[in-house]
């Protein structure tokens, strides 16, 4: 492990519901890390509860998150990615339009003063201003981090597809180091709502393990001719299959998960730009990545690489490109 | 108006969140009617709150709803349709499978004794036990009521399509008086969740009137090549169009409504069985029916008839078919 004395950067992955802080050393190694449920939503709640300005609430939260590091290393740069740079965040970092070079040395970072002569730099999100526009904040940095780990064998570096599953999953086309286009699917958020609050939730019995056969069954329905209909038309089967004795209550949750992830994959593969993707990199938590990998396999996409925790590496790479930390590549 | 002395039937349309009672007279005319928010969900809550058996809570609720009619007309039959006949209802009326003759004189009604020698008859729902099964309770009776009003000009009586929009909209193929198949779309419930609790809700400003242009824009997106993707992929545009200054916050709600109803219609028209439907009857509330009619027009389906409040007429027709009330057709 790198000696803490070598700390060269404080990197923050500051999202909607959580904040992760990384103390980084030589070559982008992670010296220490923390995660707290202090996303921008909680910061806004704190501001309201304690009658603080939003900016002051962000200052306080930053202190909770890594005040000790800021004090111990008073001169190293501090950089964040994620929703902290949104309109509802600390300070807005205007979206960069596609095509967006992920390690652009000239990319305009937003800044906010966190101590006298000390700035927090915020990495801007990316906008694909197509007919139905798409935006991301944070995922661009995860992708840059993934690319730092090298390409996937068999993946053309000029034609890569990244999947970042989650509340709003992102499917991103990257050519070299440039995001060329992307799409968002509200799968995670819609799944959470349907499985906890809709009529489908009434028949869900929790299961201690993932019911993979039920999950795969859902994916197969999404892949079948019936899956051509919108999810709103297929989802009711998560209830009626139970009513007709053809699905167990403990299977409903994973069946629905498969149905929804399958519908997402089917839709994305139908987009002209991803239709030919032979290989794919998933950046996301293990449990969710495993679901997508399994579902992609059913759709015939076998060459899938899963990566976790790529955000700090991406922040480091951008800090190098921007000359904020010394880079061996610079 | 029919004299109340001529009352011949008490008809109940007893659903999940509301209960409607109709006192009916000669020829199926409605002598008096009531609607209370005493659906089976509220009955279950009452049972729990007051430590009653579910059956007792239903008895009490029936008294609240129409105890005076039951007393004033102690010999006329009492019939209900809807979720009161579900597993979570008063007594289960087993689903009838398709093909289901809506006015079958031999259809098995469930019964429960509501007073000495007095029964409540409950009309069974219908099950389409296809690969992804579908069920309905109450809608079959609304359709029968609609058919009592006569066919729609231009609609082949052997090939009719009924749409019953709502929390779970039903698209129903009817040949003569027989339901041959149907599909359910969870549009209304999913819309309510997305527009009140998802990230899309954050940018919604209420509007005092329907923003028809935003609604139509949503339908057009659903109809466009981009609408081939699942709603989970197109719905995020209700946020990003605002972020990019291309949609007003007061338009988000109706844009999303158009997007979702459009996705539903696109999906249903893609089903082989409804692809050729030239004409259609909508049974539902006025506001929602107007949305579907407008969206259907954009999809080129101009011959649409809207009907409201057909349930009592359907109950009357079934009561006639079953010999429970004298029928001029019997």
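Chains as they are written, first to last, in our numbering: chain X, 784 to 1113; chain F, 784 to 1113.
For glycine and all other residues, C-beta sits at the position ideal for the given N, C-alpha and C.
Contact belief for residue i with residue j at Cβ below 8 Å, rounded distance in angstroms
i                       : j                       : result
residue 824 of chain X  : residue 844 of chain X  : Not confirmed; about 11 Å, so no contact.
residue 739 of chain F  : residue 1093 of chain F : Outside the displayed range of chain F (784 to 1113) lies residue 739 of chain F, so it cannot be described from this structure.
residue 1109 of chain F : residue 805 of chain F  : 17 Å between Cβ atoms; not a contact.
residue 999 of chain X  : residue 1074 of chain X : Rounded, the Cβ-Cβ distance is 10 Å, inconsistent with contact.
residue 1004 of chain F : residue 1042 of chain F : 6 Å
residue 926 of chain F  : residue 957 of chain F  : 6 Å
residue 1088 of chain F : residue 935 of chain F  : 5 Å
residue 1157 of chain X : residue 974 of chain X  : Outside the modelled stretch of chain X, which goes from 784 to 1113, sits residue 1157 of chain X, for which no answer is possible.
residue 886 of chain F  : residue 1101 of chain F : 6 Å
residue 868 of chain F  : residue 906 of chain F  : 7 Å
residue 1052 of chain F : residue 1063 of chain F : So it is not a contact: roughly 11 Å between Cβ atoms.
residue 808 of chain X  : residue 790 of chain X  : 6 Å
residue 969 of chain F  : residue 969 of chain X  : In fact, because the Cβ distance is near 15 Å, the residues do not count as touching under 8 Å.
Neighbour-count burial assignment, residue i, 16 or more Cβ in a 10 Å radius
i                       : result
residue 939 of chain X  : exposed
residue 1049 of chain X : buried
residue 1032 of chain X : exposed
residue 879 of chain F  : buried
residue 972 of chain X  : buried
residue 802 of chain X  : buried
residue 932 of chain F  : exposed
residue 959 of chain X  : exposed
residue 838 of chain X  : exposed
residue 967 of chain F  : buried
residue 832 of chain X  : exposed
residue 1112 of chain F : Low per-residue confidence applies at residue 1112 of chain F: pLDDT is 45, beneath 50, and the placement is therefore not dependable enough to give any value.
residue 1034 of chain F : buried
residue 1097 of chain X : buried
residue 850 of chain F  : exposed
residue 792 of chain F  : buried
residue 952 of chain F  : buried
residue 784 of chain F  : Reliability fails at residue 784 of chain F, whose pLDDT of 45 lies under 50, so the model's placement of it is uncertain and the value that follows must be treated cautiously. Residue 784 of chain F should be labelled exposed.
residue 834 of chain X  : exposed
residue 797 of chain F  : buried
residue 941 of chain F  : exposed
residue 889 of chain F  : exposed
residue 1114 of chain F : Since the displayed chain F opens at 784 and closes at 1113, residue 1114 of chain F lies outside it and no answer follows.
residue 1083 of chain F : exposed
residue 924 of chain F  : buried
residue 1006 of chain F : buried
residue 1106 of chain X : exposed
residue 842 of chain X  : buried
residue 1047 of chain X : buried
residue 727 of chain X  : Because chain X spans 784 through 1113 in this model, residue 727 of chain X falls outside it and cannot be assessed.
residue 943 of chain F  : buried
Beta carbon proximity, residue i to chain A, threshold 8 Å
i                      : result
residue 867 of chain X : The structure shown contains no chain A; its protein chains are X and F.
heavy atom of the ligand FAD below 7 Å from residue i C-beta
i                      : result
residue 828 of chain X : No copy of the ligand FAD occurs in the structure displayed, which carries no ligand at all.
Practice item. Please determine if the region 1015 to 1034 of chain F and the region 919 to 929 of chain X are in contact, where contact requires at least 3 C-beta pairs separated by less than 8 Å. Key: Counting Cβ pairs under 8 Å, fewer than three are found: no touch.
**Study point:** Whole runs of the beta strand (DSSP E) within the region 918 to 969 of chain F, excluding any shorter than 3 residues
**Key:** List check, beta strand (DSSP E) in window: 943 to 947, 952 to 958, 961 to 968.
Check your understanding: the region 908 to 923 of chain F: which residues have C-beta closer than 8 Å to a C-beta of chain X, in chain order?
Key -> Of all residues in the region 908 to 923 of chain F, 910, 912, 914, 915, 916, 917, 918 have a Cβ within less than 8 Å of some Cβ in chain X.
Exercise for review: Scan the region 1040 to 1051 of chain F for residues whose Cβ lies nearer than 9 Å to a Cβ of chain X and list them as they occur along the chain.
Suggested key: Only 1043, 1046, 1047, 1049, 1050, 1051 from the region 1040 to 1051 of chain F bring a Cβ to less than 9 Å from some Cβ of chain X.
Practice item. Give, in chain order, every unbroken run of the alpha helix (DSSP H) that is at least 4 residues long and sits entirely within the region 1048 to 1111 of chain X. Key: Entirely contained in the region 1048 to 1111 of chain X, the alpha helix (DSSP H) runs reaching 4 residues are, in chain order, 1069 to 1081, 1094 to 1104.
Check your understanding: At a Cβ cut of 9 Å, what residues of the region 882 to 908 of chain F count as close to chain X, listed as they run along the chain?
Key -> Those residues of the region 882 to 908 of chain F that come within reach of chain X (Cβ to Cβ, closer than 9 Å) do not exist; the list is empty.
Exercise for review: Could you name the residues of the region 978 to 994 of chain F whose beta carbon sits closer than 9 Å to any beta carbon of chain X, in the order they occur along the chain?
Suggested key: Along the region 978 to 994 of chain F, the positions whose C-beta sits under 9 Å from a C-beta of chain X are 980, 981, 982, 983, 985, read in chain order.
Exercise for review: For the region 1012 to 1024 of chain F, enumerate the residues whose C-beta is nearer than 7 Å to any C-beta of chain X, in chain order.
Suggested key: Listed by position along the chain: 1012, 1013, 1014, 1015, 1016, 1017, 1018, 1019, 1020, 1023, 1024.
Review point. How do the region 990 to 998 of chain F and the region 987 to 997 of chain X stand: do at least 3 beta-carbon pairs fall below 8 Å, yes or no?
Key: Proximity of the region 990 to 998 of chain F to the region 987 to 997 of chain X falls short of the contact definition, fewer than three beta-carbon pairs being nearer than 8 Å.
**Study point:** Three or more C-beta pairs below 8 Å linking the region 1065 to 1073 of chain X and the region 888 to 904 of chain X
**Key:** No, because fewer than three Cβ pairs between the region 1065 to 1073 of chain X and the region 888 to 904 of chain X fall closer than 8 Å, the two stretches do not touch.
**Study point:** chain F contacts made by the region 963 to 976 of chain X, where a contact means CB separation under 7 Å
**Key:** Result list: 966, 967, 968, 969, 970, 972, 973, 976.
Review point. Whole alpha helix (DSSP H) runs in the region 999 to 1036 of chain F with 4 or more residues, listed along the chain?
Key: Listed in chain order, the complete alpha helix (DSSP H) runs (minimum 4 residues) inside the region 999 to 1036 of chain F are 1014 to 1017, 1020 to 1026.
Review point. Can you list, in chain order, the residues of the region 943 to 961 of chain F whose Cβ is nearer than 7 Å to any Cβ on chain X?
Key: For the region 943 to 961 of chain F, which is checked against every Cβ of chain X, the residues closer than 7 Å are 951.
Check your understanding: Would you call the region 1013 to 1020 of chain X and the region 900 to 918 of chain F touching, i.e. three or more CB-CB distances under 8 Å?
Key -> At 8 Å Cβ cutoff, the stretches touch.
Point to revise | Where the region 1087 to 1111 of chain X meets chain F: residues whose CB sits under 7 Å from a CB there | key: When CB distances to chain F are screened at a threshold of 7 Å, not a single residue of the region 1087 to 1111 of chain X falls below it.
Check your understanding: What residue ranges within the region 808 to 874 of chain X form continuous beta strand (DSSP E) runs of no fewer than 3 residues, ordered along the chain?
Key -> Complete beta strand (DSSP E) runs here, min 3: 813 to 819, 861 to 864.
**Study point:** Chain-ordered residues of the region 827 to 849 of chain F with a beta carbon less than 9 Å from chain X
**Key:** From the region 827 to 849 of chain F, no residue has a Cβ closer than 9 Å to chain X.
Check your understanding: At a Cβ cut of 9 Å, what residues of the region 796 to 811 of chain F count as close to chain X, listed as they run along the chain?
Key -> Taken in chain order, the members of the region 796 to 811 of chain F whose beta-carbon sits within less than 9 Å of a beta-carbon on chain X are 799.
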